[in-house]
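Below you'll find the structure, written out as structure tokens, and then a few comments.
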Amino acid sequence: MGSIRKQPKDTRRILVLVTVGILIGLLISYFGLKSYLSKRASDKVTLTILGENSSNLQAMEALKDNYEKQSLVKLDFKPNTFEDAFNKANQDFANKTGLYDIVLQYNFSLSSFVRNHYVLTLDELSSKIPDGQKQFEKDIFPNVWKEVGYYYKNPQNPSAGDVKIAYPFAANTMLLAYNKQMFNDPKNKMVYLRKYHEELEVPTDWPHFKQVAEFFTNLENPTFGVCIAGATGGWLYYEWCGYMQGFNQRIMDKNQGWEGDTSTKVLINSAKAKEATDFFLSMKPYNAGNFVTVDGNEQVRIMKQGNVAMALVWSDYIRFLTYNAGEIDSRFGVTPVPGSKSMLAGGAFYINRQSKNPGEAIKYITTLLQKENQVALMKKGLCSPLKTAYDDPDVQNIPYIPALKHSLDRGVYWIEAGPDADLISNTVTNYLQKAWNGELSSQDALKKIQHEVVVGRKDIFSKIN
Amino acid sequence: MFRFKLGTYILVTIILLLVFSIIVPLITIGGHSKIPFEVFSLRSELGFVYLKSIIFSIVSSVCCVLFGFIFSQFISGIKFNSPKGRKLIVFLLPMTLGNLTIAFLFKQSLFNTAFFSGIIKGGMYMQYLALLIIQIWQYGFLFIYLFWVNTSSLSQNKIEIAKAYHFSYWVKLRDIILPHSRNLIILLFLLGFVFSLYDDSKNQFLFKASQGTETELINHLLMRTYQSYLLINPQYASEAILQSSIVIIFYNIVIFFLTLFCINYIILLPTKSKFFFKIKFINLPLTSLTNKFRSVVPFLLVILVILPFFLTAWRTKISLHTDQDIFIAVLMSGIAAITAGILSILFGISAKLAFPKILQDFNTRSTIFFLLLFALLLIPPICILISGFKWMAWLGYDSTLILLFIWILAHSFTSLPILASFIVVNHFRLSMNELDYLHATKVPLTTILSVSFLKRFQAEYILTIIFAFSFIWNESTINKIYSDKIPSYTSNLEMLITGRGADYSKAFGFVLISICLSCCCLALWNYILFKSEKLSLNNEGN
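Chains A and B, in that order, are what the protein sequence lines are. Residue 1 is where the first sequence starts when you use the numbering used here, and the numbers rise one by one after that. Residue 466 is where the second sequence starts when you use the numbering used here, and the numbers rise one by one after that.
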């Protein structure tokens, strides 16, 4: 009897199927139309730009409308996590798929990209750069450019000198961030003066750095002197390099991060390195956070709690600390790290050798590097590689600009950026975490790091050569 | 014995396509590489980390199964179609959220607390214990629900016999509940194992697992090694990882097989008539104890499920922002889920029709079947990633429609082992005798499919599609490869919780959308269950 009259559930099933069919149809139409329109617009060049999702990339994306109107070039930004951007860039280059025209990558990628002929060099692109667009080259921090955008003329023959490869998109360094409220508190000033017979000031040398950290550490409040990033992924390695710099001890005997071969001397197991490491480990009682879980993001979060006096923070994270929902967070100040030098890092614009539009790509990059655009980008968080951009009145109200400029001016190589960069970073992190946890002495840790780095480098360079 | 040849052909075709899609690119990358024999040693760094991962996976799956089974006994009195029973759908919520979302929820709940500091200071073992608890939270409640549903389907005759003969709880457990739950226990153990084996999102995001703290698991070691070797060149990086992966897969298969046999044996042990509980504790008044807590336990379990959400909401500001990408991601995941569900159902039906005798329960031969099915899940995700990039290098990125098709196919294949195994185990309820009878009486194939499969298991099939949606929405390997072309929830979430673009307020907004989607799926499942129950009651009335 039920088969004679139509069952309501049959109608509902049909309705569901029809709805699903319409949705699928809409989706296919959407993508089909998108594909059709993108083909129709092919007379309009599209530049695909891959990079880590950061304030730098977001700043560039915020300015894209102006450029698209002027140039009739469409800019298609592809933000990714750091690991994904790195993987995708390498896969695209190696598979020659030409998916990305411009890749924003950091200094440790330089060596691999150049040796494997993945990217076009500035020499190869020079004819495509309009003459009027090149003035900014004199304005780039020379040490920064050398560190993130130069490489060997002939990697098989390092003595042949170096050559410009790419323009920097960002110039990064570590800065000393401090809690202004804690330093300016009259009670703290008075107690410090009584205890140490000198004024409480933001430290400019390492002995005072430790002294101030000790002063501010009070587990009953609780307040802490420092927040040290001790996580894997390079964080501990960078912090430790900062302390090594304080004792004027490099990891290797060379002048640039990307330099090096099997004969390069590794200097990790030295008296100065031990002194620096002991100093580093001696900061443990004054440290806030769990150390091994603290990366750049967590370091900023901990500082924002308001009970930590100081931290060494990367310049591309300093904005998160000194701003809050777009407004300046006046609780925090920024100054160069103690000592007379700062470490340099950053990234460069790489143009894919398989790009169909290298001319448009280099034009876009050189336009971005004009001073007025760099100033606009700095207002949105970029750490510009251009010197004069830091003197522009429009950026003077950004709290970290003076410290950042000074640091970049005095910046030198201190962190590794060759094919062995990851090996060194992982090895240092491995043994220093053990040393921090008391499982190893500093001497043993440095010995093991030295040994593993030497052996590992031989293996890496044998695979390259 | 009836054996359906078409089913065999369909099965073999799907398996060959699966193998071809994963293995061929890997062979082209590493075909000329030699495997250095020293990597087979468990004393190497790789071996040590792998051993830790295996132990963790086994312990995690055993704990999840025990948690699920024990607590399902406490709630066994709740009827499946009761209002209380329908509320237990909330137990499925953690599983639908995915690893990254759960990592974020726990990170926010525990950030800067003395409790979390205690875990970190406690070292490797404390961190693994914390990870275990999170795994139990993620999968244990699902297992409770599935065991509870399974217990609800116990034959009324057996229950009456147990009552009539005044069986103690332990006798009932040994002779009725355990044999009835045996297949499900094994399946859930397998699922718990494969879910834990390569999961490192929680370990990474919560504890920043590292070599120095000896908290690294195998997936992180492989990814870290791969990233390091990329600085040499991608070809070398891929070859090195493939060498390590072959070793890992070999050990995985052996351990998987052995563990499966052990679990099967352990479950069967108490049910053998020669084995008899002589320990005094079986005389404890467990039943009265259970009754005391029976009303409280479901409430406590629900509180445990929703606690991390409330803690996160209390400690995190929300910033809601949506764009068309989320809508596209939902729609695409829905389409892929339906496709994956259909493929799995087709696979499950074909398998049952092709091998009705082998696939009537867990036995030696069906173990081999499941081993082959789960083989794909024993491959490290980094290999799937490398394979995916290689396919895209061959196919190109020019045609959006081809991209969509490949994306849907890739998801269908990678979710096939879990979904198909769920369906195959449910098909155990369809006896070989019934199929033989249908074949002998020359019932048309379409009728067999309609009556014996589609109508009987429609609720399970719909649940499979819901699982498929959850897996695809939260999947992070295939989605990463295509994230520049096809919006992905996990890629976008990862950008908001790690790196220079991190913004936890926006991330929580994103997570809330995912939670709402999960709730919608569960509400839909609840509605379907309610309707099908009502319909069956109406049909009985008529």
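Every residue, glycine too, gets a C-beta built ideally from N, C-alpha and C. Since the model is a prediction, treat every value here as computed from it, not as a measurement.
Listed by chain order, chain B residues near residue i by CB distance under 7 Å
i                : result
GLN91 (chain A)  : PRO699, PHE854
ILE460 (chain A) : ILE697
LEU23 (chain A)  : LEU796
TYR364 (chain A) : The premise fails here: TYR364 (chain A) is roughly 19 Å from chain B at the closest Cβ pair, so nothing lies under 7 Å.
SER55 (chain A)  : ARG965
THR81 (chain A)  : GLU959, MET960, THR963, GLY964
Chain-ordered neighbours of residue i on chain A, where CB pairs are closer than 7 Å
i                : result
ALA967 (chain B) : ASN297
THR781 (chain B) : None at all; the shortest Cβ gap to chain A is about 11 Å.
GLY440 (chain B) : The structure shown does not extend to residue 440 (chain B), since chain B is modelled only from 466 to 1007, so the question has no answer here.
ALA858 (chain B) : ASN95, THR97
GLU940 (chain B) : Per Cβ cutoff of 7 Å: no residues; GLU940 (chain B) is ~14 Å from chain A at best.
PHE672 (chain B) : THR293
ASP949 (chain B) : LYS78
LYS945 (chain B) : ASP84
Per-residue contacts from residue i into chain B (C-beta, under 9 Å)
i                : result
PHE349 (chain A) : The premise fails here: PHE349 (chain A) is roughly 17 Å from chain B at the closest Cβ pair, so nothing lies under 9 Å.
Beta-carbon separation (whole angstroms), residue i vs residue j, contact threshold 8 Å
i                : j                : result
LYS180 (chain A) : ARG331 (chain A) : 6 Å
LEU176 (chain A) : VAL337 (chain A) : 5 Å
GLY242 (chain A) : MET174 (chain A) : 5 Å
ILE487 (chain B) : LEU841 (chain B) : 7 Å
LEU57 (chain A)  : TYR100 (chain A) : Not really, about 13 Å apart at Cβ, beyond 8 Å.
VAL428 (chain A) : ILE460 (chain A) : That belief does not hold up - the Cβ atoms of VAL428 (chain A) and ILE460 (chain A) are roughly 16 Å apart, past 8 Å.
LEU838 (chain B) : ILE946 (chain B) : Incorrect: roughly 24 Å between the Cβ atoms, too far for contact.
LYS363 (chain A) : PRO130 (chain A) : 7 Å
VAL91 (chain A)  : PHE774 (chain B) : Going by the sequence as given, residue 91 (chain A) is Gln instead of Val. About 37 Å separates the two Cβ atoms, so there is no contact after all.
GLY347 (chain A) : LEU104 (chain A) : 6 Å
TYR178 (chain A) : ASP162 (chain A) : Going by Cβ atoms, the distance from TYR178 (chain A) to ASP162 (chain A) rounds to 37 Å, so no, they are not a contact pair.
Contact list for residue i against chain B, beta-carbon separation under 8 Å
i                : result
SER528 (chain A) : Absent from the model: residue 528 (chain A). The displayed extent of chain A is 1 to 465, so no value can be given.
GLU52 (chain A)  : GLY964, ARG965, GLY966
GLN305 (chain A) : ASN577
LYS463 (chain A) : ILE697, TYR701
ASN116 (chain A) : ASN698
ASP261 (chain A) : The contacting residues do not exist; ASP261 (chain A) stays about 14 Å from chain B at best.
Interface residues of chain A facing residue i [CB-CB closer than 8 Å]
i                : result
GLY861 (chain B) : THR97
SER675 (chain B) : ALA231, THR232, VAL292, THR429, ASN430, GLN433
ASP665 (chain B) : Result: empty, since nearest Cβ-Cβ is about 12 Å, beyond 8 Å.
Beta-carbon neighbours of residue i, restricted to chain A and to distances below 9 Å
i                : result
GLN692 (chain B) : GLU83, PHE86, ASN87, ASP422
Alpha helix (DSSP H) runs contained entirely in the region 224-294 of chain A, provided each spans 4 or more residues:
Fully enclosed alpha helix (DSSP H) runs of 4 or longer: 235-246, 271-281.
As an exercise, report each continuous beta strand (DSSP E) stretch of at least 3 residues that is fully enclosed by the region 333-360 of chain A, in chain order.
As far as the region 333-360 of chain A is concerned, its whole beta strand (DSSP E) runs of at least 3 residues are 345-352.
If you pair each beta-carbon of the region 813-823 of chain B with each one of the region 881-899 of chain B, do three or more pairs fall below 8 Å?
Judged by Cβ distances under 8 Å, the region 813-823 of chain B makes contact with the region 881-899 of chain B, as three or more pairs qualify.
Report the residues of the region 816-850 of chain B with a CB closer than 8 Å to any CB of chain A, ordered along the chain.
Taking 8 Å as the cut-off between beta carbons, the residues of the region 816-850 of chain B near chain A are LEU850, in sequence order.
The region 600-613 of chain B / the region 518-535 of chain B touching (three or more Cβ pairs under 8 Å)
The region 518-535 of chain B and the region 600-613 of chain B touch, with three or more beta-carbon pairs separated by less than 8 Å.
Determine, using beta-carbon pairs with one atom in the region 967-975 of chain B and one in the region 908-922 of chain B, whether at least three such pairs fall under 8 Å.
No: fewer than three Cβ pairs fall under 8 Å.
At what residue ranges does the region 40-95 of chain A contain a whole run of the alpha helix (DSSP H), taking only runs of 4 or more?
As far as the region 40-95 of chain A is concerned, its whole alpha helix (DSSP H) runs of at least 4 residues are 55-62, 64-71, 82-95.
Compile a chain-ordered list of the residues in the region 905-923 of chain B whose CB is closer than 7 Å to at least one CB of chain A.
Answer set for the region 905-923 of chain B: empty.
Contact the region 242-262 of chain A vs the region 404-416 of chain A: 3+ CB pairs below 8 Å
Yes: at least three Cβ pairs fall under 8 Å.
Give the list of continuous alpha helix (DSSP H) stretches no shorter than 4 residues that lie fully inside the region 942-971 of chain B.
Listed in chain order, the complete alpha helix (DSSP H) runs (minimum 4 residues) inside the region 942-971 of chain B are 943-947, 954-962.
I'd like to know if the region 823-843 of chain B and the region 945-965 of chain B are in contact, where contact means that at least 3 CB-CB pairs between them fall below 8 Å.
Output reads no: the region 945-965 of chain B does not touch the region 823-843 of chain B.
To be precise: take each residue of the region 225-240 of chain A, compare its Cβ to all Cβ atoms of chain B, and keep it if any distance is under 7 Å. Which residues remain?
Within the region 225-240 of chain A, the residues whose Cβ lies closer than 7 Å to some Cβ of chain B are ALA231, THR232, listed in chain order.
So if I threshold CB-CB distances at 8 Å, which residues from the region 422-433 of chain A count as touching chain B?
Within the region 422-433 of chain A, the qualifying residues are ASP422, LEU423, ASN426, THR429, ASN430, TYR431, LEU432, GLN433.
Can at least three beta-carbon pairs, one atom from the region 567-581 of chain B and one from the region 780-796 of chain B, be found at a separation below 8 Å?
Look at the beta carbons and you see the region 567-581 of chain B touching the region 780-796 of chain B: at least three pairs across the two are nearer than 8 Å.
I'd like the ranges of any beta strand (DSSP E) spanning at least 3 consecutive residues and lying wholly in the region 780-850 of chain B.
Those beta strand (DSSP E) runs which fall completely within the region 780-850 of chain B and span 3+ residues do not exist here.
Mind pulling the alpha helix (DSSP H) runs of 4 or more residues that sit fully within the region 527-585 of chain B?
The qualifying runs are 548-552, 558-562, 564-575.
3 or more residues per run - each beta strand (DSSP E) lying fully within the region 87-136 of chain A
Fully enclosed beta strand (DSSP E) runs of 3 or longer: 102-106.
Return the residues of the region 196-212 of chain A that lie within a Cβ-Cβ distance of less than 7 Å from chain B, sorted by chain order.
Nothing from the region 196-212 of chain A brings a Cβ to less than 7 Å from some Cβ of chain B.
Whole runs of the alpha helix (DSSP H) within the region 634-704 of chain B, excluding any shorter than 4 residues:
Entirely contained in the region 634-704 of chain B, the alpha helix (DSSP H) runs reaching 4 residues are, in chain order, 634-637, 643-662, 666-672, 683-695.
Could you give the uninterrupted runs of the beta strand (DSSP E) lying entirely in the region 154-213 of chain A, keeping only those of 3 residues or more?
Secondary structure remark: continuous beta strand (DSSP E) runs of at least 3 residues inside the region 154-213 of chain A, in chain order: 162-164, 168-172, 174-179.
Closer than 9 Å between beta carbons: that is the criterion. Which residues of the region 393-422 of chain A meet it against chain B?
Cβ contacts with chain B: GLY418, PRO419, ASP420, ALA421, ASP422.
Inspect the CB distances between the region 431-441 of chain A and the region 671-678 of chain B and report whether three or more fall short of 8 Å.
Cβ pair count under 8 Å is three or more, so yes.
Do the region 934-950 of chain B and the region 282-296 of chain A make contact, defined as three or more Cβ pairs closer than 8 Å?
The region 934-950 of chain B is not in contact with the region 282-296 of chain A.
Identify every run of the alpha helix (DSSP H) within the region 876-904 of chain B, keeping only runs that are complete inside it and at least 4 residues long; order them along the chain.
Listed in chain order, nothing qualifies, since the region 876-904 of chain B has no complete alpha helix (DSSP H) run of 4 or more residues.
Examine the Cβ distances between the region 416-425 of chain A and the region 107-118 of chain A and report whether three or more of them are shorter than 8 Å.
These segments touch.
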